[in-house]
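Comments concern the structure below.
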């Protein structure tokens with residue numbers, strides 16, 4: 001093949017819009033990456049080709065050869081030496097994507113040969129030769145080589161066993177990573193005061209190199225790089241002098257101040273990593289306190305000036321930086337710092353402003369709430385006279401958070417439902433995760449605020465129930481506000497730790513909040529609201545109520561109820577619910593209402609069934625359920641006439657959970673007679689199918705009935721947890737109903753149904 005032909009094929013491979021043409025080019029050129037005999041031809045292409053796509057082919061082919069084949073040591077050394085010289089002579093004039101590919105190849109050869117020959121380890125020295133040259137192009141290549149080398153050492157490769165990778169990574173970490181970090185700091189210092197465009201590019205590379213060093217997997221924990229979360233950064237001890245040198249932190253604060261995004265964001269990312277350095281790295285408490293004081297001073301300046309925070313990425317990263325204070329520093333350390341009162345006041349103001357700008361900062365507030373939550377949880381361990389000032393700021397933050405959730409509803413919901421926390425359990429969890437600790441810090445005032453903000457909305461919702469033709473849009477907003485309040489109360493009940501409030505007082509306040517939700521339940525399924533089961537906002541509200549019941553059950557129903565006399569005393573005064581059996585009846589009533597009224601909402605049905613199963617499978621609550629008339633009715637009448645969701649195709653998988661729960665309840669009584677009578681609804685289905693003529697057995701109606709029956713039986717079978725209970729089911733099925741099962745298999749073998 002002539003070089004010109006190869007260049008044309010490479011052009012098609014990387015640029016053609018025609019998939020057939022691209023596939024032909026790929027098939028023709030794959031020999032360069034699969035056959036080791038073509039390695040010399042790859043070098044020829046690098047030396048003589050004129051198009052960047054041909055160079056890219058040669059580089060990527062060599063990368064695959066090096067990764068997937070065991071090449072001779074001499075050949076690998078030759079490739080390594082050739083690449084160093086090639087980048088030195090031609091590197092600055094190449095297209096960036098070609099340079100990046102060649103550097104990746106060079107670093108891959110280096111890593112794979114790390115223990116084969118000491119010459120491979122000279123790459124750091126060779127990179128410094130690039131940095132010492134006068135041209136910006138060579139300087140950039142030097143920084144890129146070091147950055148890519150860290151990336152290569154930090155990730156496992158398919159061509160290298162995991163144990164070998166870790167050995168190489170540890171050797172590299174111990175011998176060269178600290179040196180590279182020092183090179184990055186030196187470069188940042190040299191480039192700091194030069195504002196030329198080319199220098200801006202070098203600053204970006206130097207910052208990226210520092211971040212790569214600080215993000216290295218020092219102890220082999222394989223941190224998920226796509227996640228914002230990571231633990232303590234395990235910086236090795238030899239780095240101590242540089243970390244304790246105040247100029248190290250300051251260089252990144254300086255770069256944040258003098259650069260624009262995305263450079264300023266990378267400077268903040270470096271600070272986030274430095275703020276997470278392990279406590280034991282520092283020489284003594286004084287050195288650690290000095291480091292913390294510097295962090296507080298730097299963040300205080302940013303809070304005062306607001307510089308760079310108009311950029312969303314900077315804003316998010318700065319919230320992460322503040323959030324790291326909760327991970328690595330105790331409240332007792334913070335309050336003893338000079339300037340703490342100003343710093344905590346500025347952080348509080350920043351948090352309040354973030355909550356008010358919920359549309360813009362919704363993904364960032366999580367870190368701020370996490371910081372406040374950690375500070376609050378440390379209050380009981382705070383010694384000394386230094387004031388924490390949390391009493392002043394936390395209630396304001398709590399109230400602002402609740403108000404912001406209301407405002408988000410009033411302003412209108414996002415078009416994409418997955419971005420609405422009320423429709424996205426993960427987002428909702430993130431937003432409410434840290435909130436309960438803040439709420440319980442000053443529980444009396446916080447709970448009073450929740451009740452005061454809920455009561456007018458509940459009153460309006462109660463009045464709307466009496467209307468014959470309600471304003472649908474108005475009701476949507478009301479129901480979404482109530483959903484938020486119910487989720488907030490549920491989150492508060494999820495934890496029981498409380499500072500500055502006795503257990504008895506806490507239970508009374510829990511009862512006050514719970515009573516509001518229980519009052520709401522009486523309204524949600526009455527009047528005009530009973531016609532709104534198809535509305536998304538009604539479904540959100542009912543899911544919130546079920547979540548409330550889940551958390552309430554864990555804290556106050558069953559075994560826990562013995563220790564909750566104050567709560568039930570107050571609920572008795574407010575609603576006449578004086579024990580857990582009455583409360584359990586309310587919960588089951590709501591579950592049954594949802595199962596009867598929802599046929600189109602899988603989420604509500606699944607949520608209701610999940611709660612029902614939790615109650616049935618609990619030792620104490622399961623026994624209590626069997627005393628309730630509602631539960632007795634379910635066990636005896638589990639038919640589609642009473643529970644329409646059983647014939648809704650979208651809820652077909654929910655049937656198994658439903659019957660799994662019924663099975664739990666049936667087998668809890670351990671009575672063959674009770675079992676047989678409880679299986680009557682399924683017996684009728686069997687008899688109906690058994691009497692179906694063969695001529696119509698292949699219809700969709702029969703198939704759906706048969707599949708549904710099998711799902712129901714699967715649920716019952718899952719609940720058989722002993723030889724005895726399994727015997728109940730087996731004796732009921734065999735031999736009486738086996739002919740139908742065999743008939744179903746023979747008629748429908750060619751139409752499998754997913755489980």
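Residue numbers (full-length UniProt numbering): 1 to 755.
C-beta atoms are modelled at their ideal positions from N, C-alpha and C, and glycine is treated no differently.
Nothing here was measured: the structure is a model prediction, and the numbers come from that model.
(1) Quick check for students: name the residue ranges of the alpha helix (DSSP H) that lie wholly in the region 537 to 589, counting only runs of 4 or more.
(2) Could you tell me the alpha carbon to alpha carbon distance between residue 660 and residue 626, rounded to whole angstroms?
(3) By the DSSP assignment, the alpha helix (DSSP H) with residue 340 in it spans what residues?
(4) Kindly indicate the opening and closing residues of the alpha helix (DSSP H) around residue 370.
(5) What distance in whole Å lies between the Cβ atoms of residue 540 and residue 422, which are believed to be in contact at a cut-off of 8 Å?
(6) Given residue 729, which residues of its chain have a CB within under 7 Å of its CB, disregarding the five upstream and five downstream residues?
(7) For residue 457, which beta-bridge partners are listed by DSSP?
(8) CA-CA distance, residue 13 and residue 49?
(9) Alpha carbons only, please: which of 313, 108, 263 and 531 is nearest the one belonging to residue 363?
(10) For the candidate residues 420, 399 and 397, whose alpha-carbon lies nearest to that of residue 760?
(11) For residue 651 versus residue 591, is the C-beta spacing smaller than 8 Å?
(12) Would the region 370 to 379 count as touching the region 447 to 458 if we require 3 or more Cβ pairs under 8 Å?
(13) Taking the alpha-carbon of residue 370 as reference, which of 352, 438, 386 and 425 has the nearest alpha-carbon?
(14) Excluding the 5 residues preceding and the 5 following residue 460 in the sequence, name in chain order all residues of the same chain whose CB lies nearer than 7 Å to its CB.
(15) Starting from the C-beta of residue 293, find all residues in its chain whose C-beta is less than 6 Å away, skip the five residues before and the five after it, and write them out in chain order.
(16) Quick one: using the 10 Å Cβ neighbour count with 16 as the cut-off for buried, is residue 76 buried or exposed?
(17) Just the Cα atoms here: how many angstroms apart are residue 90 and residue 352?
(18) Taking the straight line between their C-alpha atoms, what separation do you get for residue 525 and residue 554?
(19) Go to residue 618, then tell me how far its alpha helix (DSSP H) extends in each direction, as first and last residue.
(20) Confirm, please, whether the CB-CB distance from residue 135 to residue 123 is below 8 Å.
(21) Would you kindly check if the distance between the Cβ of residue 689 and the Cβ of residue 702 is under 8 Å?
(22) In or out: residue 503 buried (at least 16 other Cβ within 10 Å) or exposed?
(23) How many whole angstroms separate the CB atoms of residue 177 and residue 206, which I take to be in contact at a CB cut-off of 8 Å?
(24) Report the partner residues of residue 233 according to the DSSP bridge assignment.
(25) For residue 667, report the span of its alpha helix (DSSP H) as first-last.
(26) With a CB to CB cut of under 7 Å and the five nearest residues on each side skipped, what residues in its chain are close to residue 184?
(27) Using the three-state DSSP reduction, which class does residue 93 fall into: helix, strand or coil?
(28) Spatial neighbours of residue 73 within its chain, please: C-beta separation below 8 Å, excluding the five flanking residues on both sides.
(29) So, with DSSP's three-state summary, where would you put residue 139?
(30) Enumerate in chain order the residues of its own chain whose CB-to-CB distance from residue 698 is below 7 Å, with the five nearest sequence positions on each side excluded.
(31) Assuming the contact rule is C-beta atoms closer than 8 Å, residue 98 and residue 55 should be a hit. Round their C-beta distance to whole Å, please.
(32) Out of 345, 244 and 273, point me to the one whose CA is closest to residue 282's CA.
(33) Would DSSP call residue 2 helix, strand or coil?
(34) Taking residue 546 as the reference, give the member of 507, 576, 615 and 580 with the closest Cα.
According to the data block:
(1) Listed in chain order, they are 565 to 575.
(2) Spanning the two alpha carbons is a distance of roughly 15 Å.
(3) 340 to 356
(4) 365 to 377
(5) 5 Å
(6) The residues are 716, 717 and 720.
(7) None, per the DSSP bridge assignment.
(8) 16 Å
(9) 313
(10) Because the chain in this structure spans residues 1 to 755, residue 760 falls outside the shown range and cannot be described.
(11) no
(12) no
(13) 438
(14) 478
(15) The beta carbon of residue 293 sits closer than 6 Å to those of 337, all from its chain and outside the five residues before and after it, given in chain order.
(16) buried
(17) 54 Å
(18) 25 Å
(19) Residue 618 -> no alpha helix (DSSP H), and no H or E assigned at all.
(20) no
(21) yes
(22) Exposed is the call here.
(23) 16 Å between Cβ atoms; not a contact.
(24) 277
(25) 654 to 668
(26) Here the set comprises 206, 209, 210 and 213.
(27) Here residue 93 sits in helix by DSSP.
(28) 113, 116 and 117
(29) helix
(30) 747
(31) 5 Å
(32) 244
(33) Coil, per DSSP.
(34) 615
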